[in-house]
Every structure is written in C-alpha cells, then in structure tokens.
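Accompanying notes for the structure given below.
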C-alpha cells in the first residue's frame with residue numbers, strides 16, 4: 001500500500017505548483033472581476049487561452065492521461081513522457097489544481113472533458129479518436145456529457161428514458177437531458193449522449209453511448225441551469241433536447257448496449273479527480289481560516305484564541321487528512337486492482353469528500369464573518385461547489401448503497 | 001407559559017394565509033423569472049406595489065407593530081386595531097410570510113425596515129417620526145441599517161470605528177459600513193448609522209445612532225455585495241462610505257452615546273421575526289421534500305421508501321417543532337419579561353434556528369437531486385439565506401457566548 | 001397552547017423540590033456506597049422505605065396519577081386532592097425526580113410501576129384493582145411488565161411470539177420475555193404479560209395482556225441482565241420464562257386480544273415521564289459541568305475559558321430547553337387531544353430526548369476528565385441510562401418511522 | 001508514503017490471526033462468564049497464563065518491541081527475529097488483538113505494560129532493565145503508570161503536584177495519583193511514578209519519572225476506581241497514595257527532571273497501539289452489525305433493508321477506513337520522522353479514533369436492540385472502553401489544541 005508518487009510525478013507536481021503561483025494566482029481575482037463585468041460572460045476571456053499556451057509549452061498539459069493508455073497521445077499532446085501517470089501519481093496534481101477555479105482549464109484537466117477524453121481513449125475507434133479526441137487533447141474544442149434526465153430519478157441510471165434507436169446505419173436520438181456541463185461554452189463541439197437502445201435486453205445492456213456533434217440538427221440547448229443562483233459561465237450546465245437527431249452508427253462508442261460498461265470505467269478516475277480537487281479546495285479554505293484567525297482581532301484577542309476556533313481548525317486538519325488518505329487509497333486500488341477492486345472505495349470517497357469539503361469551507365466562511373459570504377473571497381463559490389458535488393456523479397445516498405451492499409456481501413448477502 | 005395567540009391574531013394569521021394563497025403564490029414564480037430577465041433588476045417590478053396596495057386595503061399591513069407602542073400609528077397606518085400584536089401573536093404570521101420571498105415586502109413586514117421603524121417608534125422624536133417613520137409605515141420610502149464595518153470584527157460591536165462626532169449643532173460622520181441591507185433599493189431614503197462619538201466614555205456609551213438621509217452629501221454606495229453569488233436585487237446589501245457627512249444634531253436617535261441601548265431593544269423582536277420566517281422556510285422545504293418523496297420513483301420504489309429518507313423526514317419534523325417552540329418561548333419571554341428577561345433566549349434562537357433551517361433545507365435539496373440546486377425550486381435560495389443568517393445579526397459564536405455567560409453566572413461567574 | 005401548570009401542581013413541585021433537598025440529596029451518595037458494599041444488593045436498603053413513609057406522610061405520593069381517572073384512588077392513596085394532575089402539571093415534577101436515582105422510588109413514581117398502575121386504573125376490573133392496584137398504590141408490592149422477547153425483533157410488537165391461549169376458564173401462558181424491569185425486586189408480586197392469543201385475528205387484535213402472579217407455577221426468572229455491565233439492583237431487568245403457566249381468565253386485562261389498545265394508552269404518559277426525568281438528569285449534568293468549568297483550572301485558566309467549553313455549555317442549554325418544550329408540548333397534546341392527537345409528538349420526544357441527554361451528559365463527563373467516568377459522580381450512570389433509553393420503549397428508528405409516516409400522510413401517503 | 005508491512009510482519013499478523021481463532025475466540029465468552037462468577041475476580045484465571053505460554057511458544061510474544069531498540073531483548077524474550085517491528089509493521093497486529101479483551105494480555109502486548117517496557121528499553125539503566133524490564137518481558141510481573149492526579153487538571157501535565165524530592169542519594173515521594181491502570185493485578189510489582197522535583201526549573205524540566213516498587217513502604221492503593229460501573233478486574237485502575245516513600249536515586253529514569261522528555265517518547269507508539277486496537281474493536285462491531293442486519297427480521301424484512309440501516313453500515317465502513325489510514329500514516333511518520341515529525345499526527349489519531357469507535361459501536365448496539373446493551377455481546381464493554389479513551393492519554397480537547405497550534409504555526413503563530 002504505497003501512496004508515494006513517482007519521481008516524474010513529483011517533478012510535475014512541483015512544476016504545477018510553481019506555474020500556479022507564478023501565472024494563475026496573480027490573475028485569478030481579476031479574471032473573476034472581468035467575467036462578472038463582461039457584457040457576454042459566455043465568451044471566454046482571452047487570458048485562459050494565453051495561460052493554456054504557456055502551460056502546454058511548459059509541458060503541463062493533459063496530465064490526467066492515464067498510465068498504460070494513450071502513450072502515443074501522451075507523447076504527441078501531453079507531457080507525461082509517453083508513459084502516463086498513475087492515479088496515485090496524478091492525485092497530488094489534481095489536489096493542487098483544485099485550489100483554483102481556473103487551473104483545471106489552464107492545464108486541460110477539467111471535467112467533463114477529461115472523462116470524455118478518457119472514454120474516447122479507451123473505447124473510441126481510430127476514426128472517433130482522430131475526429132474528437134485529438135482536438136480535445138489540443139483544447140481546440142470542448143465537450144459535454146449528456147446522461148442525467150429531468151424526468152426520471154437519474155440516481156438509478158437504469159431509469160434513463162431518452163432513446164438511441166438503431167435505424168439502418170444510423171442512430172436516431174430523442175429525449176431530454178439536463179446538467180450537461182460544458183454545453184454553454186462556444187467551443188463545445190461534441191456531446192456524449194447516453195440513451196436507451198434495447199429495452200428488452202439485460203438491465204445493464206440496454207443503453208448506448210453515442211457521439212453527437214453539438215451542431216447536429218435536432219440538438220437544442222433549451223436553457224442554461226443555475227446552481228445556487230450561478231450559471232457558471234463560460235461553461236454552463238445545460239438542459240438539452242434531442243429531437244429526431246440522426247448520427248451514423250459509427251458514432252456509437254464501443255457498440256450498442258455498452259453504455260454501462262463505459263460509464264463504469266469512466267467514473268472511477270473521474271471521481272478521484274473530483275475528490276482530490278475538493279481536497280485542494282478545502283486546504284485553501286483552511287489556509288484562509290488560519291490566516292484570518294491570526295490576523296483578525298475581536299474582544300481583545302486574535303480570533304484563534306476565541307471560543308472553539310482552535311478546535312475547529314484542528315478538526316478541519318483531521319478531516320482533510322483523513323479524506324486525502326482515503327482518496328489516495330482509492331487511487332492506489334484503481335491502479336493496482338482496477339475499477340472492480342476499487343468499487344466500494346470510489347463510492348466511499350464520493351460520500352466522504354464533498355461533505356468534508358462543505359464542512360471545512362463552511363467553517364472558514366464563518367470565521368470570516370460577512371466577507372466569507374461575499375465575492376471578496378473564493379469561499380462562497382467553493383462552498384456551493386462542494387455542496388453540488390454531493391449530488392453530481394451520483395447522490396451520496398446511492399454511493400452509500402453501493403458501499404453497504406459490498407460490505408453486507410462479505411457476510412453472505414446477495415445484494 | 002401560554003403560547004396561544006389572541007383571537008385577533010388568529011384571525012389575522014388566517015387572513016395572511018388566505019392572501020398568500022390567493023395573491024402571492026400564483027405570481028411568485030413569474031416574479032422571480034421576470035426579475036431574472038429584467039434589464040435593470042434594481043427597478044422594483046410593479047407587481048410588488050400592486051400587492052402592497054391590496055394587502056393594505058385588506059388590513060394586512062404593518063402587522064409587526066408591537067403591542068403597547070405606536071397605537072396611534074397602528075390605527076393610522078396598520079391594521080392591528082390600535083392595540084398592536086404581542087410577539088407571541090405575531091410569531092405565526094412571521095412564520096407564514098417566511099415561506100415566501102415576496103410576502104414580507106407585500107405586508108410591509110420586511111427586515112430591515114421593521115427594525116428601523118421599531119427604533120423610530122421607541123426612540124424617535126416626534127419630528128423624526130413625522131419625517132421618517134410615517135412614510136416608512138406607508139412604504140413610501142425604504143431604509144437601511146448601517147452598523148457592520150469591513151475593517152473591524154463587528155461581532156464585537158464595541159469595535160465599531162466609524163465616527164459620529166458632535167460639531168456645534170451638527171454631527172459629522174465618517175467611516176465605512178458594509179452589509180447595509182436595502183441600500184440598493186431606489187426608494188431607500190434614510191439610513192440609521194451607528195458611529196463612535198465618545199471614545200473615552202464607558203464601553204457601552206461610546207456610540208450613537210444617527211439618521212442620515214440617503215442623499216446627504218458624502219454618502220456613497222461603493223458597491224453592492226453579493227451573498228453566495230447573488231446581489232438580492234432590488235434591495236441589495238451595500239458597502240457605503242461616509243465622508244464628512246453633516247447632519248443636524250436633531251438627527252441623533254435618543255441622544256449621543258445611546259446606540260447600544262437602542263440596538264438592544266431593536267434586536268430582540270427582529271431576531272424573533274427572522275427566526276420565525278426561517279421556520280416557515282423550513283416548513284416549506286419539508287413540504288416539498290415530502291411531496292417529492294411520494295411522487296418520485298427510483299429503484300422501483302417511491303423515494304419515501306428508500307434508505308434513510310423517512311428517518312430524515314422524521315428528524316426534520318422534530319427539529320422544526322423544537323425550533324418553533326424555542327422561538328415561541330423567546331417571544332413569550334419578550335412579551336412578559338422584556339429584553340433583559342429574554343436575553344439568553346433570544347441568543348439561543350439565533351444559534352438554533354438558522355442551523356436547523358440550513359439542515360432541513362439541505363435535506364430537501366438532496367431529495368430533489370439536481371433540480372434542488374437549480375432555479376426551478378426555491379430551495380437553493382432558501383439554503384443560502386439560512387446560511388447567511390448564521391452570520392447576520394451576530395455570528396453563532398457570539399450568541400453562544402451570551403448564552404454560556406448567562407448560564408455560568410447562575411453559578412457565580414462574573415462574566 | 002398553554003404549558004402553565006396549575007397552582008396545585010406548582011405547589012407540589014415546590015414541595016417535591018424541598019423534599020429532595022432536605023431528605024434525598026443528603027443520603028443519596030451514601031445509598032449508592034452502601035448498595036455497592038452490600039452483601040446482597042437485591043435486598044432493598046431500609047432507607048428507601050423510610051423515605052417513602054415520609055414522602056407519603058407529606059402528601060408527595062403517587063403524583064403521577066392522571067387527571068380524570070382514579071379520583072377515588074387519588075383521594076385514598078395519593079395526594080393530588082382527588083383530582084389528579086394533568087400531564088402538563090406532572091411534567092415539572094417528573095423532571096425534578098429525574099435528577100436523582102432514588103427519588104422516583106421514594107415518591108412511588110417509578111417505572112414500570114407507574115405504567116402498570118395506570119393500566120390497572122384504566123383497564124382493570126374492580127377485582128383486579130382491589131387485588132393489585134391498591135397494594136401498588138401503597139407500595140406494598142412491586143410489579144414488572146413482560147413484553148419484549150429475546151427471539152424476535154420486539155421493535156415490531158406484532159412479532160411477539162409468546163402465547164396466552166384460552167383453555168376453558170383459564171389462560172395458558174408459554175414463552176420467554178426479557179428486559180422485564182423490576183422483576184429482581186423481592187417485593188415484585190405481579191407481572192403484566194403480553195402474549196399471542198388469536199394468531200388469525202386482525203394484526204392489532206391478536207395479543208392479550210394478562211396479570212400473572214410472580215409466584216405462579218411455571219414462572220422462572222432465568223437470569224438478571226446487565227446494562228453496560230450493571231444489573232441495577234435491587235430492581236433488575238430479568239429474562240423470564242413462562243412454562244404452562246395457568247391463570248384464571250379473569251386475569252386478562254380488558255379482555256382477550258386487546259393488548260395493543262392497552263399498550264397504546266399506557267405508553268404515551270410513560271414516555272412523557274421518561275423524557276421529563278431525562279431532562280432533569282441532563283439539567284443536573286449541566287449544573288455539574290458549569291460548576292466544574294468555574295472551579296477547575298488548567299493551563300492557567302478556569303476550564304470555562306478554555307477552548308470550546310463555553311460553546312458546549314451554550315449548546316447544552318439550547319438542547320435542553322428545546323427538548324423540554326417538545327415534551328411539554330407532547331404533554332399538552334396528551335391532555336387536550338388524547339393519545340391519537342399526541343401520536344407523533346410522543347414518538348418525537350422519544351427520539352429527541354434520550355439522544356439529547358446522552359450528548360449533554362457526555363459533555364459533562366468530558367469536562368470532568370477521569371472523574372467523570374468514575375463512581376465519584378453520577379454522570380457515568382446517567383450516561384448509560386440515557387443510552388439505554390434510546391432502545392427501551394421502542395428504538396429510535398421505530399419512533400422515527402411513526403413520525404415520518406404521520407408526516408407523509410399529510411400529503412396523501414397511505415402509510 | 002508506504003504503509004505496506006514487511007514480509008515478516010505479514011507472517012506474524014497471519015499467525016496472530018490464526019492463534020486468535022484457534023485459541024482465544026473459543027474460550028473468551030467462558031472467560032468472561034467465569035470472571036463474573038468468580039469469588040475473587042482479582043485473582044487472574046489460569047487460562048490466561050496457559051494461553052500466554054502457548055503464545056510465547058509459538059513466537060507470538062512481545063511483538064510490540066520497536067525496531068532498532070532492544071534487539072538483544074527481542075532475540076531473548078520476543079519473537080521478532082532480533083530486529084523488531086516498525087510501527088507500520090505492528091499496526092495490523094495491534095488491530096487484530098484489539099478485537100478481543102484477552103488477546104493483548106495473551107501476547108504480552110497490553111497497556112500499560114507495553115509503554116512501561118518501552119520506557120525501560122529506551123531510558124532504563126542496565127540495572128533497571130535487568131531488575132524490571134526482563135521480568136516484564138517474560139510476563140513474570142506486571143506494572144502500572146502513575147501520572148494523573150485527582151486534585152489537578154492533569155490534561156495539563158505541567159500541573160502535576162505530587163513530589164519526588166532528592167534527599168541525599170534517595171528520592172522521597174509524596175502525593176496522590178489515580179487512574180493507575182494495572183495496579184489491581186496481584187503480579188503488579190513496579191510503578192512508574194511522575195512527580196515534581198524542581199519547581200523552579202524550566203516548565204518542561206521540573207518533573208522526574210521514578211521506579212517505585214509496588215511494595216515500597218508508604219505506597220497504598222486507596223481504592224480501585226470504576227469506569228462506567230466496572231472495575232476491570234483483574235487489572236483495575238487504582239487511586240494510589242504515596243506517603244514519604246523512599247527509593248534510591250538510581251531508581252530515577254534517565255535522571256531527575258526528564259519526565260517530559262520520556263513521556264513524549266513513550267506516548268507516540270502507545271497511542272498508535274491504542275488507536276489500532278480500537279479500530280479492531282470497531283471492525284468487530286461492524287461485523288456483528290452486518291450479521292445481525294442480515295439475520296434478524298422485523299416488519300417482514302431483514303434489518304438490512306429497513307430505514308437507514310444500510311446507510312449507517314456504509315458510514316461505519318467509511319469512518320473505519322479513514323481512521324485506519326490516519327493511524328497507519330501516523331505510524332509511518334513515527335517510523336520515518338520520529339516523535340517530533342509525528343507530533344500533530346499522533347494527536348490527530350487520538351482525537352479521531354476513539355470518537356469513531358464510539359460511534360460505530362453505538363450503531364452496532366442500536367442494531368442489536370436490548371441485547372446490544374447486555375453481557376450477551378461484547379458491544380457494551382467495547383463502547384464504554386472507546387468512550388474512556390476519549391479521556392485516557394489526554395482528553396480530545398488537549399489533542400485538538402496540539403493539532404491547532406501546529407497548524408497555526410505554519411502561518412506564523414508563536415503558539
């Protein structure tokens with residue numbers, strides 16, 4: 001059980017840290033101010049592309065690309081030396097990028113594009129990879145993942161009711177999806193759509209994943225949803241309708257009926273990334289809390305010496321440390337035993353980490369008083385982000401169900 | 001210990017309930033949509049004034065006006081029959097109005113105007129009352145309360161550093177305030193400003209409260225703050241600078257150095273109102289959760305029959321009931337023993353109720369999945385509202401300090 | 001919603017308080033020491049009977065006797081003036097007695113005898129009352145309640161498998177019960193046994209309650225159970241086997257098949273009593289915590305000024321106040337609307353109060369360091385007592401189920 | 001960051017597991033029954049010595065002996081091949097032994113003897129080692145650690161008021177200690193006493209640790225304390241008075257004034273052991289909970305399918321996994337960076353693990369209903385044990401203080 005990153009990964013981590021300090025931290029506040037003041041926040045500010053160019057130049061690009069897959073791509077588009085990083089290797093990098101809202105985009109390591117690229121890498125045909133994966137690896141285009149539906153409880157993925165029906169050599173796509181993150185970005189060119197193909201097949205073989213160009217006739221972004229009042233421009237979360245959308249059968253990923261198999265492989269690393277980024281966010285919040293506790297005085301003492309503030313700081317330190325170790329362990333299981341061996345572990349982090357982050361950030365907000373709620377600090381955004389991740393990628397309750405089922409199966413439970 | 005409202009209060013409660021169902025509920029969703037789509041959200045939509053006119057006509061106006069004070073005003077501008085309602089009487093009305101974002105404004109019962117009117121009622125001179133209280137009671141103007149400062153820990157109110165200096169027959173005002181709620185409203189005409197007058201006086205006699213016209217030279221709204229990303233138009237929370245603002249000495253409330261005495265009297269009922277409104281919000285969230293739990297199906301069952309959902313609903317019911325009783329008890333203490341007798345009780349509700357509301361609303365959000373985070377439901381706004389109230393009117397930690405001090409004094413503690 | 005006790009109840013409460021201070025507090029520590037040192041702890045120490053005699057003499061006897069029932073008994077055996085106390089009246093008395101382990105016995109107000117007396121009062125025939133109720137009211141005998149069974153999940157009372165079969169003019173009783181509290185007392189003379197009589201009847205009409213003399217042939221106390229290592233002498237919790245025990249049909253309470261109806265009526269007030277006693281226990285723990293916080297010094301300060309101790313004291317005060325109000329409300333509902341109107345409320349207090357008490361007492365233990373765990377203070381016993389009450393009289397989970405069902409039924413749920 | 005135990009440690013872990021299954025589990029229930037029935041529970045039952053002989057024969061003896069110290073002893077008295085185990089190596093063994101109350105004693109790996117042996121190993125003179133360490137390593141004698149005092153807040157160790165005064169070539173010892181675990185055992189022969197020697201020295205150089213024979217004149221066990229009603233025979237926790245006890249100066253460990261230095265070194269590994277044993281206890285409780293959830297039926301379903309039980313099982317799994325990783329990390333820090341590098345980590349586990357264990361065991365108790373509280377299952381004892389460890393070896397609050405101080409020092413805090 002060795003969580004030590006490789007020497008190459010340690011070097012990259014330090015390079016990412018240096019890049020963030022030198023290039024991202026100095027501009028981030030201004031970025032948010034400019035975006036808030038922009039006439040059209042859905043047009044990306046030029047600074048992002050400039051930073052991306054620098055990051056790519058310095059070899060800090062596509063670092064998420066997994067070991068053992070896509071070595072050719074890694075060499076051509078990424079920087080991990082043609083070998084890729086393991087999940088254990090990438091974890092501290094993801095943690096660092098999580099401290100900033102910009103960083104994941106700057107390093108081309110942001111959800112959902114990472115997960116979509118990984119799907120194309122593992123399951124895409126050479127043609128699919130040439131057409132969609134390569135421009136994604138260059139950040140020439142952006143993508144979205146269209147799975148959740150407004151009209152069914154999507155926590156049970158077998159509920160998905162939108163259809164992807166084979167008609168000759170075409171797939172005909174109908175239905176409505178929402179929380180399709182990234183669909184508001186002007187560069188969004190490709191959607192991965194999950195739909196019902198074979199209602200009579202085995203429960204986990206009924207659905208397909210299909211590549212649908214954003215500009216295919218019949219695709220319509222009905223609206224951009226807000227999360228706690230924010231639409232997250234320039235990426236956005238869309239409600240998207242699909243009306244008799246036709247794509248070639250060749251756009252199906254891996255073949256009809258294999259959506260669950262693909263989703264399974266996609267989600268493990270993606271959840272590790274999300275969780276490590278949240279740990280970075282929680283660390284950043286704890287740092288703000290400590291600085292505030294030392295700098296601010298009330299009732300004649302620094303806040304650090306008032307009431308339960310030290311206890312709360314200690315609890316935050318303990319919670320973060322426990323959460324990080326749990327995620328590193330899940331990453332190690334993914335690396336050494338694959339998705340099945342990490343099945344419970346990945347659900348466990350998905351339950352533990354967003355709640356931990358929400359609590360730590362909440363504490364930091366409280367220590368800052370009114371300012372903690374305002375746009376003067378990144379805390380309010382971090383807090384609603386952590387809250388949203390208790391639902392995104394499956395609600396806590398579903399993941400608890402997975403962990404409990406696997407626990408009870410040790411003692412003979414069927415399910 | 002009798003929490004039964006008077007017959008008159010019960011009638012008014014039922015009238016408010018009927019008005020909300022008939023007039024407010026049907027338009028509230030559209031109101032939020034229109035506001036979101038407005039070119040200038042800081043211009044109030046006409047529907048508010050229309051509803052205010054109807055409410056006033058039906059005698060559902062200024063119901064917060066306290067018993068024993070302002071009977072003449074109650075007769076002239078309010079509807080409580082010239083006698084006013086006790087805190088116990090008004091509590092269920094405040095709970096009802098809390099279910100809606102519009103309702104408190106429609107009934108002229110919204111913070112901070114209620115608190116400001118109460119201050120003018122209790123401490124205002126006849127001239128001050130004629131000039132500011134009367135138009136406020138008619139909702140012809142709006143007001144703001146300028147207490148919290150960005151540069152000092154305002155949780156310790158003796159820290160307030162902005163100054164109100166006597167110069168002949170004028171007060172000269174300088175400093176910077178923030179979280180001045182309501183200052184963004186175009187009808188905001190009067191600010192109650194708290195500032196340091198006598199730095200050498202006794203700790204609780206150093207500050208004054210001064211009436212400062214919004215349009216006095218030297219008053220500048222530097223910016224409107226956002227809370228969790230939202231600026232709350234058309235009311236807003238302002239950061240306001242005061243530069244050599246001069247007002248007549250006659251604008252001082254009750255006399256120089258009496259700010260603490262006034263704050264004390266103002267805050268008890270105001271906190272009861274806040275807390276009762278939050279209980280209404282939590283009840284509304286629980287209702288949404290129950291309806292969702294029965295209507296939505298996943299894994300072949302209504303959500304009500306999945307995992308811990310029933311236990312969470314039961315816990316929400318228990319928490320709300322406990323919180324309501326605690327607030328009713330504080331209201332009863334205010335009515336029967338005054339602010340001093342209710343000192344601990346008012347701090348206790350300020351700690352218990354916003355946390356309770358945040359938890360109950362969080363549960364309701366979780367039960368709704370992604371939709372719970374979106375603008376399709378009032379839950380996300382309710383949740384951030386409850387969160388903000390763990391800081392507004394004093395952070396939880398300060399109120400816990402009050403309750404602990406009074407508890408320990410029973411056993412001989414000096415403080 | 002008036003929680004004010006009657007004048008008579010207030011007088012009695014003060015008399016109980018005075019009696020406890022004058023007579024019980026001075027001897028309680030020695031009582032526990034003597035009991036621990038006794039050769040046979042199952043022989044009651046004489047001080048109990050002496051205190052009982054004094055209490056009875058001063059009219060502080062059988063105060064639990066409910067209003068509207070048993071007026072004749074109240075006059076003859078009790079002291080409540082022939083009218084009985086309402087649940088609201090009795091609540092503060094129960095709270096006071098809960099501060100002490102001895103007090104409920106001294107005032108003849110201890111479980112399970114109170115519940116058993118109430119059953120006899122409401123459902124007993126004149127003969128049953130003469131034979132069993134009268135000596136119980138005099139404390140000449142003690143009783144036990146035999147419901148829970150080791151072999152079935154007794155949280156679902158319809159599971160009860162022990163049998164009470166009609167055979168001519170006799171009931172034949174077989175089966176095994178446990179947690180029969182009080183059965184270890186040498187004066188225990190009568191058991192109320194719940195058994196299956198009519199397996200084919202409607203789900204809630206299958207069981208009967210039968211009066212079984214402790215010395216009936218076939219009744220055997222197999223062992224006395226311990227709770228967290230303690231057997232609670234001289235009362236005890238027994239595992240009792242019943243083997244072909246025969247009693248006259250006249251020993252059935254209210255008639256065969258009516259056990260659920262009786263249990264329903266018995267449990268409401270009993271749970272209010274339990275909960276009020278726990279509130280007394282929590283208050284006593286908070287008092288100890290405050291005194292310790294002021295008296296004990298560490299790191300150069302009284303504990304009250306270290307870390308989060310004040311916040312914990314404030315939280316304890318808030319939790320206790322909320323819990324007490326919730327119980328008073330349940331008592332008021334029982335008084336004004338009967339068991340059905342108080343159905344959810346009684347389950348709500350059964351969930352909320354033991355957990356609250358466990359938390360408050362835990363805090364007080366922690367503040368006392370090692371001494372808090374020891375026999376030098378009543379905290380450890382209070383804590384395990386509160387813990388046990390999260391299971392006794394129905395586990396929290398079952399009561400949450402009741403509250404949730406009633407909540408969901410407001411929105412159309414069948415169950 | 002490699003938590004993988006050595007191959008030798010893995011072998012030993014499996015041998016311990018096999019021994020526990022073959023030798024300890026079959027007799028443990030009977031052991032507790034026999035002890036409960038014994039006339040004198042303070043006379044150890046012979047089965048313990050029999051099992052110790054077997055364990056020693058199989059080389060499962062003194063496994064706690066640390067790497068790099070005591071290699072000669074390891075070869076002579078232990079079984080770890082003359083090299084000792086690292087903390088990472090020993091952690092899984094400690095976890096296994098924690099599942100049982102007997103196992104730590106059977107393997108001569110129980111507190112406080114392990115800590116005392118380690119002190120003698122690190123700080124003892126050759127004479128001290130020959131006289132006391134060697135018989136302890138053979139389990140010929142037992143020991144106690146006398147630090148905590150009833151009259152001062154011992155959470156602040158600089159408070160210790162008992163004295164150890166140099167008088168010529170003797171130490172004169174006076175004072176009163178309590179919670180001296182193990183002092184009730186008839187084989188207890190040696191006490192490590194901590195007392196004040198140089199009140200004017202630097203705050204951390206005032207105290208000494210002295211070896212005091214149990215039978216020295218002036219040593220008196222005043223009483224054996226109970227923890228939650230249990231005296232834990234045959235080991236016990238004593239209150240011990242020292243009256244003009246005289247021992248040779250040669251009995252001082254490491255020299256006068258070095259108690260803090262010794263305590264520091266002693267406590268790190270000891271806390272890792274305590275925490276890993278608690279993790280074993282929590283795992284055993286979760287196993288019982290799962291088996292019960294599958295075997296027991298209520299309301300027509302196995303408990304596993306009722307209410308929130310699965311969620312609670314998942315949460316227990318997550319909490320245990322997080323806690324174990326945190327302890328493994330602390331062990332790894334101790335191994336690689338020594339006590340100073342592990343300073344915060346050791347305090348963090350001391351806060352996190354007992355609370356976690358208390359919660360998991362509480363859940364398991366609740367799932368078992370009344371039986372969970374009784375002597376039929378090891379849960380009640382496990383629960384009170386976990387609770388006591390929130391105070392033993394320093395209350396949570398003190399350890400939170402350590403973690404917070406080290407966190408704040410990252411940002412410039414002095415303390």
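Residue numbers (full-length UniProt numbering), protein chains in the order written: chain A, 1 to 415; chain B, 1 to 415; chain C, 1 to 415; chain D, 1 to 415.
Glycine included, every Cβ here is placed at the ideal spot set by N, Cα and C.
Note that the coordinates shown come from a computational prediction; the quantities given were computed from them, not determined experimentally.
Proximity winner among the options, relative to residue i (alpha-carbon distances)
{"i": "residue 16(C)", "options": "39(C), 3(C), 96(C), 1(C)", "result": "96(C)"}
{"i": "residue 299(D)", "options": "261(C), 50(C), 158(C)", "result": "158(C)"}
{"i": "residue 229(B)", "options": "1(B), 384(B), 403(B)", "result": "384(B)"}
{"i": "residue 390(A)", "options": "318(B), 148(B), 366(B), 278(B)", "result": "366(B)"}
{"i": "residue 413(C)", "options": "293(B), 193(B), 375(B), 318(B)", "result": "293(B)"}
{"i": "residue 153(A)", "options": "77(A), 395(A), 304(A), 192(A)", "result": "395(A)"}
{"i": "residue 19(C)", "options": "107(C), 43(C), 31(C), 151(C)", "result": "107(C)"}
{"i": "residue 13(B)", "options": "80(B), 205(B), 283(B), 281(B)", "result": "80(B)"}
{"i": "residue 161(C)", "options": "126(C), 88(C), 203(C), 132(C)", "result": "203(C)"}
Contact check, residue i vs residue j, beta carbons under 8 Å
{"i": "residue 185(A)", "j": "residue 235(A)", "result": "yes"}
{"i": "residue 400(C)", "j": "residue 324(B)", "result": "no"}
{"i": "residue 301(B)", "j": "residue 240(B)", "result": "no"}
{"i": "residue 170(C)", "j": "residue 246(C)", "result": "yes"}
{"i": "residue 98(A)", "j": "residue 281(A)", "result": "yes"}
{"i": "residue 144(C)", "j": "residue 181(C)", "result": "yes"}
Bridge partner(s) assigned by DSSP for residue i
{"i": "residue 247(D)", "result": "171(D)"}
{"i": "residue 359(D)", "result": "Paired residue(s): none; residue 359(D) is not in a bridge."}
{"i": "residue 220(D)", "result": "241(D)"}
Interface partners of residue i on chain D, CB under 9 Å
{"i": "residue 310(B)", "result": "307, 308"}
Chain-ordered chain F contacts of residue i [CB-CB under 9 Å]
{"i": "residue 313(B)", "result": "In summary, chain F is missing from the structure at hand, where the protein chains are A, B, C and D."}
Neighbour list for residue i in chain D, Cβ cutoff strictly below 8 Å
{"i": "residue 390(C)", "result": "366"}
Contacts that residue i makes with chain B (C-beta to C-beta distance below 9 Å)
{"i": "residue 148(A)", "result": "369, 370"}
Closer than 7 Å at the beta carbon, the chain C residues around residue i
{"i": "residue 380(D)", "result": "228, 229"}
Interface residues of chain A facing residue i [CB-CB closer than 7 Å]
{"i": "residue 299(B)", "result": "156"}
Residues that residue i contacts on chain C, provided the C-beta gap is smaller than 9 Å
{"i": "residue 159(D)", "result": "297, 298, 299"}
Residue i: CB within 7 Å of a non-hydrogen atom of the ligand SAM
{"i": "residue 138(A)", "result": "Here there are no bound small molecules, and the ligand SAM is not part of this structure."}
Subject >> beta strand (DSSP E) segments (min. 3 residues) lying fully within the region 114–192 of chain B >> reply: Runs of the beta strand (DSSP E) inside the region 114–192 of chain B: 142–146, 163–167, 170–181.
**OP:** Could you name each continuous alpha helix (DSSP H) segment of 4 residues or more that falls completely within the region 295–376 of chain D, going from the start of the chain to the end?
**Re:** 309–341, 343–367
**OP:** Starting from the N-terminal side, write out each stretch of the alpha helix (DSSP H) that is 4 residues or longer and does not extend beyond the region 24–93 of chain A.
**Re:** 25–37, 46–57, 71–77
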